[in-house]
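Undergrad: Protein chains in written order, with the numbering used here: chain A, 81 to 442; chain B, 81 to 442. We put the CB at the ideal spot given by N, CA and C, even for glycine. Because the structure is a prediction, the values reported are computed rather than measured. I have a structure I would like to understand better, so I am pasting it below and will then ask my questions one at a time.
Protein chains: 2
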Amino acid sequence: MPTEQSISLTNLAAGNMVAEIKNKVLLDTLNGEKTSRYPVWVMRQAGRVLSEYREVRAKAGSFINLVKNPELACEVTIQPVDIFDVDAAIIFSDILVVPEAMGFPYIMEESKGPVFPHTIKNISDVEQLEDKIDITDRLHYVLQAISLTRKELNGRVPLIGFAGAPLTILTYLIEGKGSKTFSEARKLLYTQPDLCHKALEKITHVTIQYLKAQVNAGAQVVQLFDSWAGIFPAEQYNRFGVPYLKRIGDELQNSVPVIMFPKGAWMSLKEFSGIQAKAIGIDWNTGIAEARNQLGAGKVIQGNLDPCTLYANLHDIRQQTLKMLGSFAGNRHIANLGHGVYPDVHRDHLKCFVDTVKEFNI
Amino acid sequence: MPTEQSISLTNLAAGNMVAEIKNKVLLDTLNGEKTSRYPVWVMRQAGRVLSEYREVRAKAGSFINLVKNPELACEVTIQPVDIFDVDAAIIFSDILVVPEAMGFPYIMEESKGPVFPHTIKNISDVEQLEDKIDITDRLHYVLQAISLTRKELNGRVPLIGFAGAPLTILTYLIEGKGSKTFSEARKLLYTQPDLCHKALEKITHVTIQYLKAQVNAGAQVVQLFDSWAGIFPAEQYNRFGVPYLKRIGDELQNSVPVIMFPKGAWMSLKEFSGIQAKAIGIDWNTGIAEARNQLGAGKVIQGNLDPCTLYANLHDIRQQTLKMLGSFAGNRHIANLGHGVYPDVHRDHLKCFVDTVKEFNI
Numbered sequence: 081m082p083t084e085q086s087i088s089l090t091n092l093a094a095g096n097m098v099a100e101i102k103n104k105v106l107l108d109t110l111n112g113e114k115t116s117r118y119p120v121w122v123m124r125q126a127g128r129v130l131s132e133y134r135e136v137r138a139k140a141g142s143f144i145n146l147v148k149n150p151e152l153a154c155e156v157t158i159q160p161v162d163i164f165d166v167d168a169a170i171i172f173s174d175i176l177v178v179p180e181a182m183g184f185p186y187i188m189e190e191s192k193g194p195v196f197p198h199t200i201k202n203i204s205d206v207e208q209l210e211d212k213i214d215i216t217d218r219l220h221y222v223l224q225a226i227s228l229t230r231k232e233l234n235g236r237v238p239l240i241g242f243a244g245a246p247l248t249i250l251t252y253l254i255e256g257k258g259s260k261t262f263s264e265a266r267k268l269l270y271t272q273p274d275l276c277h278k279a280l281e282k283i284t285h286v287t288i289q290y291l292k293a294q295v296n297a298g299a300q301v302v303q304l305f306d307s308w309a310g311i312f313p314a315e316q317y318n319r320f321g322v323p324y325l326k327r328i329g330d331e332l333q334n335s336v337p338v339i340m341f342p343k344g345a346w347m348s349l350k351e352f353s354g355i356q357a358k359a360i361g362i363d364w365n366t367g368i369a370e371a372r373n374q375l376g377a378g379k380v381i382q383g384n385l386d387p388c389t390l391y392a393n394l395h396d397i398r399q400q401t402l403k404m405l406g407s408f409a410g411n412r413h414i415a416n417l418g419h420g421v422y423p424d425v426h427r428d429h430l431k432c433f434v435d436t437v438k439e440f441n442i
Numbered sequence: 081m082p083t084e085q086s087i088s089l090t091n092l093a094a095g096n097m098v099a100e101i102k103n104k105v106l107l108d109t110l111n112g113e114k115t116s117r118y119p120v121w122v123m124r125q126a127g128r129v130l131s132e133y134r135e136v137r138a139k140a141g142s143f144i145n146l147v148k149n150p151e152l153a154c155e156v157t158i159q160p161v162d163i164f165d166v167d168a169a170i171i172f173s174d175i176l177v178v179p180e181a182m183g184f185p186y187i188m189e190e191s192k193g194p195v196f197p198h199t200i201k202n203i204s205d206v207e208q209l210e211d212k213i214d215i216t217d218r219l220h221y222v223l224q225a226i227s228l229t230r231k232e233l234n235g236r237v238p239l240i241g242f243a244g245a246p247l248t249i250l251t252y253l254i255e256g257k258g259s260k261t262f263s264e265a266r267k268l269l270y271t272q273p274d275l276c277h278k279a280l281e282k283i284t285h286v287t288i289q290y291l292k293a294q295v296n297a298g299a300q301v302v303q304l305f306d307s308w309a310g311i312f313p314a315e316q317y318n319r320f321g322v323p324y325l326k327r328i329g330d331e332l333q334n335s336v337p338v339i340m341f342p343k344g345a346w347m348s349l350k351e352f353s354g355i356q357a358k359a360i361g362i363d364w365n366t367g368i369a370e371a372r373n374q375l376g377a378g379k380v381i382q383g384n385l386d387p388c389t390l391y392a393n394l395h396d397i398r399q400q401t402l403k404m405l406g407s408f409a410g411n412r413h414i415a416n417l418g419h420g421v422y423p424d425v426h427r428d429h430l431k432c433f434v435d436t437v438k439e440f441n442i
């Protein structure tokens, strides 16, 4: 059982100091156990949709400060569990802490999003990507936030850790910022494939260490966000995206359940049927039946209500959610949106989505 | 045969004053005739990829000035026919001339793209959308550019006219600019569907008049660009996108061949099998076999090489192009990219793509 004393990382290994999990619907679903309802959580549930979050964010002074402050990160991680009664917490953090730990720091521009002042253009940039790093030192703040949250959750719901998929991280490092076409990244994959593979090797190595450290710190599930998977043609994604996710899956298969979210990569879904991941996330443009067909019965599918549905009135949100739940057809599913919740959605609308899922019996 | 005297719009009707077309491979393919090779043209072939274009663009002073100057628009339209020997010209213009003609002008910000100072938020905005307009007056400059280009082409290749699809135009009018999530537009479709249908009705009405006027001025094929089709969930696209394209197809079915490009809307491709359009464009994330399966044998499929392929070396471009041509399997196809060519592609690379298609025998 947890104590009030501060908890070090090492003695949290395998969660042996923390409470038994009370809400097991997510873990049971991931582990192939029968459940009476679908689990539900929401990408970006810890975020601007909550005024409580915005208050903590203001206190922190900046997004990056919030990410780097374990106590505040823990606080905002637990807010949606308190407020929405979701079936999982996901640690508040950012996928870009990994490239930062590898020597490529980013700044957050309020209207533009993350910007990397130093990007990857050539082999000497790739050589500067540090992969022989001590994760528990450089990313201590994330691991500490996980330990603290795990303790504070006290077994109410499982805690999800996460990282960006290697190709999405590389894409950020090449583009330096968001993009409409991502043509810089796609150009480099075409023109300098060896350089890209070298960078992906390094990012994958660090990501595996990082996810293992998260598990060690208390994460009970991990998710890989391949946010930009869908910008690549299938052939390119199958060469530069899938193999690195496969390797991560192999390395974590005897650890905690892994969820992979290759957003938009519907053309490559079949590739994921053979990957060591318990669940695959799909976006709202991917049909449930089609995804099931590609992935087979053995995979849990996570998603995929269009986040914009939450702008509709409560009646319509409920109807659309029920429609999605009906399409799950009693198979293995985790209810979620098809992407992160948009910050200007009314919290009652998000609550309606969560409640509708929780009231629905399989 | 064309004369040197200036040609008015009316006497160009049905092209009766212009030369017989010499290169018929595009029209034959669209009309279901057997051809010995696949036709090829390139979206944005008249554009920044050519230094000759950039010179004319500099002379015009701005993108919008260039669009509004029939002589200069004609000049840049013909450049890629001269330089790349493509099988069609597409009139140099912009899809946003339609909302401008309807009373919503836009400005072009060099780094940001088009911006609408006045956007659609509510019903009074929709009421301000003017649909009882004289196209031949308000869009005279496009029609004149078409007439002039048709004359100058002198039958070398057919001339393609175009317009934006109603939903893409509405999306621009709601967002006011490009967007990563297009959440404003998607929100309005969810929250105020009637308002959106009312706006789409108006835009569709004007678009039909506009395309008919283009045909009257000399366009021998027209393409509808639904650039943002892929941002909508299939159900929403099938309600707000497809029916208006269907109506446009019905109105033009006894006119010239129509190409529709619902970019990214792979989930809705089946809907297009029943639409009066000779050809459907697909982007590079849509598989050729899958598209053929959805559309049936009767449709011409246009596309779909990843524009980033053109960043690779000439050998790889050739191999990738041959691979695409092989996947066409002798069926009815128009070779093109899966999106507009990127401006920083080397022209020799684009030429390599075009040449590879033209040397390939079906």
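#1: Could you check whether the Cβ of H429 (chain A) sits closer than 7 Å to any Cβ belonging to chain B?
#2: Could you list the residues in the segment 263-284 of chain A with a C-beta less than 7 Å from some C-beta on chain B, going in chain order?
#3: Is the Cβ of N441 (chain B) closer than 7 Å to any Cβ of chain A?
#4: Report, in whole angstroms, the separation of the C-beta atoms of F196 (chain B) and G256 (chain B), which I expect to be a contact under 8 Å.
#5: Could you check the C-alpha separation between L247 (chain A) and D424 (chain B) for me, to the nearest Å?
#6: Run down chain B in chain order and give the residues with a C-beta less than 9 Å from the C-beta of T261 (chain A).
#7: Please determine, among B:G183, B:E232, B:L219, B:K212, the residue with the shortest C-alpha to C-alpha distance to Q159 (chain B).
#8: Give a yes or no on whether the minimum CB-CB distance between E84 (chain A) and chain B is below 7 Å.
#9: Would you give the residue range spanned by the alpha helix (DSSP H) that G406 (chain B) belongs to?
#10: Chain B beta carbons: is any one of them nearer than 7 Å to that of W308 (chain A)?
#11: Kindly say whether A392 (chain B), judged by its beta-carbon, lies nearer than 7 Å to any beta-carbon of chain A.
#12: Whole-angstrom Cβ separation of P387 (chain B) and V421 (chain B), contact assumed at under 8 Å?
#13: With a 10 Å radius around its C-beta and 16 neighbouring C-beta atoms as the bar for buried, classify A377 (chain A) as buried or exposed.
#14: For G414 (chain B), which of B:E190, B:E100, B:P185, B:T115 has the nearest alpha-carbon?
#15: Please state if the CB of N441 (chain B) and the CB of R117 (chain B) are separated by a distance shorter than 7 Å.
#16: For a contact defined as C-beta to C-beta under 8 Å, what are the partners of P194 (chain A) on chain B?
#17: Just the Cα atoms here: how many angstroms apart are L146 (chain B) and V136 (chain B)?
#18: Which bits of chain B does P313 (chain A) rub up against, with CB to CB less than 7 Å?
#19: Can you tell me whether G183 (chain A) is buried or exposed, with buried defined as 16 or more other CB within 10 angstroms of its CB?
#20: Along chain B, in chain order, which residues have C-beta atoms closer than 8 Å to that of G244 (chain A)?
#21: Going along chain A, which residues have a C-beta under 9 Å from M347 (chain B)?
#22: CA-CA distance, R319 (chain B) and A181 (chain A)?
#23: Quick check on this structure: which residue in A:N334, A:R372, A:I213 has the alpha carbon closest to the alpha carbon of E351 (chain A)?
#24: For G258 (chain A), which residues in chain B fall below 7 Å Cβ to Cβ?
#25: Can you list, in chain order, the residues of its chain whose CB lies under 6 Å from that of E84 (chain B), leaving out five sequence neighbours each side?
#26: Assuming G241 (chain A) contacts V295 (chain A) (C-beta within less than 8 Å), just tell me the rounded distance between them.
#27: Between the C-alpha atoms of S348 (chain A) and A279 (chain A), what's the straight-line distance to the nearest angstrom?
#28: If you reduce the DSSP assignment to three classes, tell me which class T90 (chain B) lands in.
#29: Measuring straight from C-alpha to C-alpha, what distance separates F143 (chain A) and I215 (chain A)?
#30: Report the option in B:T366, B:I283, B:Y324, B:Y317 whose CA atom is closest to the CA atom of I311 (chain A).
#31: Quick one: what does DSSP say L45 (chain A) is sitting in, helix, strand or coil?
#32: By a C-beta neighbour count over all protein chains shown, 10 Å radius and 16 as the cutoff for buried, is D444 (chain A) buried or exposed?
#33: If I'm right that P238 (chain B) touches L107 (chain B) with Cβ under 8 Å, what's the distance once you round it to whole angstroms?
#34: For V122 (chain B) versus D167 (chain B), is the C-beta spacing smaller than 7 Å?
TA: Straight from the coordinates:
#1: no
#2: S263, R266, K267, Y270, T271
#3: no
#4: 5 Å
#5: 23 Å
#6: P387, C388, H419, Y422
#7: B:E232
#8: With a pLDDT of 36 at E84 (chain A), under the threshold of 50, the modelled position of this residue cannot be trusted; read the value that follows with caution. No, E84 (chain A) does not count as interfacial toward chain B.
#9: 394-408
#10: no
#11: yes
#12: 6 Å
#13: exposed
#14: Going by the sequence as given, residue 414 (chain B) is Ile instead of Gly. For the residues B:E190, B:E100, B:P185, B:T115, the minimum Cα distance to I414 (chain B) belongs to B:T115.
#15: yes
#16: Neighbours of P194 (chain A) on chain B: none; closest Cβ ~13 Å, over 8 Å.
#17: 8 Å
#18: W364, N365, D386
#19: exposed
#20: Near G244 (chain A) there are no residues of chain B at all, since even the closest Cβ is about 17 Å away, more than 8 Å.
#21: W346, N365, T366, G367, E370
#22: 46 Å
#23: A:R372
#24: K260
#25: With a pLDDT of 36 at E84 (chain B), under the threshold of 50, the predicted position of this residue should be treated as unreliable, though the coordinate-derived value follows. Answer for E84 (chain B): no residue qualifies.
#26: 7 Å
#27: 22 Å
#28: The predicted model places T90 (chain B) with a pLDDT of 43, which falls under 50 and marks its position as unreliable, so this point remains unresolved.
#29: 21 Å
#30: B:T366
#31: This structure does not reach residue 45 (chain A), given that chain A is present from 81 up to 442, and the question cannot be answered.
#32: Lying before the first or after the last residue shown, residue 444 (chain A) is absent from chain A, which here runs from 81 to 442.
#33: 6 Å
#34: no
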